[in-house]
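Just so we're aligned: 158 in the UniProt record's numbering is position 158 of the sequence shown, and the numbers increase by one with no gaps anywhere.
Even glycine gets a Cβ: it sits at the ideal position worked out from N, Cα and C.
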Amino acid sequence: MAEKQTGGVQSVHRALDLLERVAQVSDGARLSDLAKEAGLAVSTTHRLLTTLEQRGFVQSDAASSRWHVGQRAFAVGSAYTKQRSFVAPALPFLRRLRDLTRETANLGVIDDGEVITLSQVESREIMRAISPPGGRVPVMCSGMGKAILATWENTAIDRIIDRHGLRAMTSHSLTKRDAVHDEIARIRDRGFALDDEEFVLGLRCVAAVVWGPQGEAACAISVSGLAARLTPEKVAETGAVVKRLADELTEVLGGCAPTH
1 MAEKQTGGVQ SVHRALDLLE RVAQVSDGAR LSDLAKEAGL AVSTTHRLLT
51 TLEQRGFVQS DAASSRWHVG QRAFAVGSAY TKQRSFVAPA LPFLRRLRDL
101 TRETANLGVI DDGEVITLSQ VESREIMRAI SPPGGRVPVM CSGMGKAILA
151 TWENTAIDRI IDRHGLRAMT SHSLTKRDAV HDEIARIRDR GFALDDEEFV
201 LGLRCVAAVV WGPQGEAACA ISVSGLAARL TPEKVAETGA VVKRLADELT
251 EVLGGCAPTH
C-alpha cells in the first residue's frame, strides 16, 4: 500500500503521485503498472487519472492503453521556468555549449537535495546523454549539483548531507563525508565540477556555476555525454569551455562572484 500521508488531503496526494509517475515514463504508463507502483486499487487509480484527464493534466491513448502527461501539466510546469529569470537568457549559451562540445548542454538548480534540470539542448550525436527537463538527480551525483554546492559554506554542505544522506547510484558515487569535502575542494580550485559516472555508469557531466546579482549561485550549466567521448583528457578542455560560458552568462544576468 502507499505510505500514509502525514498531512493534507489524501486524494490530492494520490493524484499528484500518479501525475509524477506518468511523467517518468516517456512512452506512456499502463494503468495496471501505475496502480501497482502507487499501491492503489486499479479502480481508484482509474478514477484519479480520469479526473486529471478532465483537467488536462494527463491524457489517455486508447490505441496503446497508456497514459501520458497532458498539455495542462506542461503549461503549469512552464510557469515555474518563467519565474526563473535566467532560463530564457541561458538558452543561447546552452546552444553554444552544445555546438562547441558536441554534447548535450543542461541548465539546473538545486531543489530539496536534488538537482532538477530546467532547460536542455540535446547533442546531435547518435549516442547522447539525456536527463530531460524536469528530471531529478541526487545532488552529490550531479556535476551541476556539486558546482553549486562548491559555492556554499562547508557547514551548509554538511547540513544537506545530514538531511538527505549520500545515495550510491553507482560504484563511483561519493558515499563518505570526507570524500565529498575533498571533491568540493578540487572544484573550488579548478573552477568546474565533474560527475564521473556517479549517476549512470558510462556517462560523465562537466559543470560550472552561474552567479546571480547578489553574489549567490543562481544555477549551473553543464555538458553531459558518454565517458568514451568525455575522456579524462577531454574533461579538462571541456571544463574550461563550460566555465567560460558560465562566466559569460553570469555577466549577461548582471551577476557577480563574491569577492571573499
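Contact annotation: the segment 55 to 66 does not touch the segment 87 to 97, with fewer than three C-beta pairs closer than 8 Å. E183 places its beta carbon 8 Å or farther from that of A227.
Counting only residues of its own chain and dropping the five nearest sequence neighbours on each side, P89 has a CB closer than 8 Å to the CB of L249, V252 and L253.
The continuous beta strand (DSSP E) containing R66 extends over residues R66 to V69. If you draw a 10 Å sphere on the C-beta of D27, you find fewer than 16 other C-beta atoms in it, and that means exposed.
Sequence-distant partners of V87 (beyond 5 residues in either direction) whose C-beta falls short of 8 Å from its own C-beta, in its chain, are T81, L107, L118 and S119. Here V12 carries a helix assignment [DSSP, helix/strand/coil].
Looking at the DSSP output, C219 shares a beta bridge with V210. Taking the CA atoms as reference points, G113 sits about 10 Å from I157. In the structure shown, the three-state DSSP call for L19 is helix. Rounded to whole angstroms, T238 and L40 show a C-alpha spacing of 47 Å. For R177, there is no enclosing beta strand (DSSP E); the residue is part of the alpha helix (DSSP H) that begins and ends at R177 to R190. The segment 190 to 210 makes contact with the segment 169 to 180, as at least three CB pairs between them are under 8 Å.
Secondary structure at C256: coil, using DSSP grouped into helix, strand and coil. In this structure the segment 208 to 217 touches the segment 137 to 154; the number of beta carbon pairs closer than 8 Å is three or more. Collapsing the DSSP output to three states places L40 in coil. Under the three-state reduction of DSSP, S119 is assigned to strand. Scanning D33, T44, V9 and L49 for the CA closest to the CA of L19 turns up L49. For E53 and L34, the gap between their C-alpha atoms comes out near 15 Å. T231 sits in coil when the DSSP states are folded into three classes, being neither helix nor strand. According to the DSSP assignment, V109 belongs to the beta strand (DSSP E) that extends over T104 to D111.
Excluding its 5 nearest sequence neighbours in each direction, A23 has C-beta neighbours in its own chain below 6 Å: V69, listed in chain order. Note that the C-beta distance between V223 and V235 is not below 8 Å.
P138 sits in a strand when the DSSP states are folded into three classes.
Secondary structure note for A193: its beta strand (DSSP E) is the uninterrupted segment A193 to D196. Rounded to the nearest whole angstrom, the CA to CA distance from G225 to L31 is 34 Å.
Take G143, set aside five residues on each side of it, and the residues of its chain with a beta-carbon closer than 7 Å to its own are A193, L194, D195, C205, V206, A207 and S222, in chain order.
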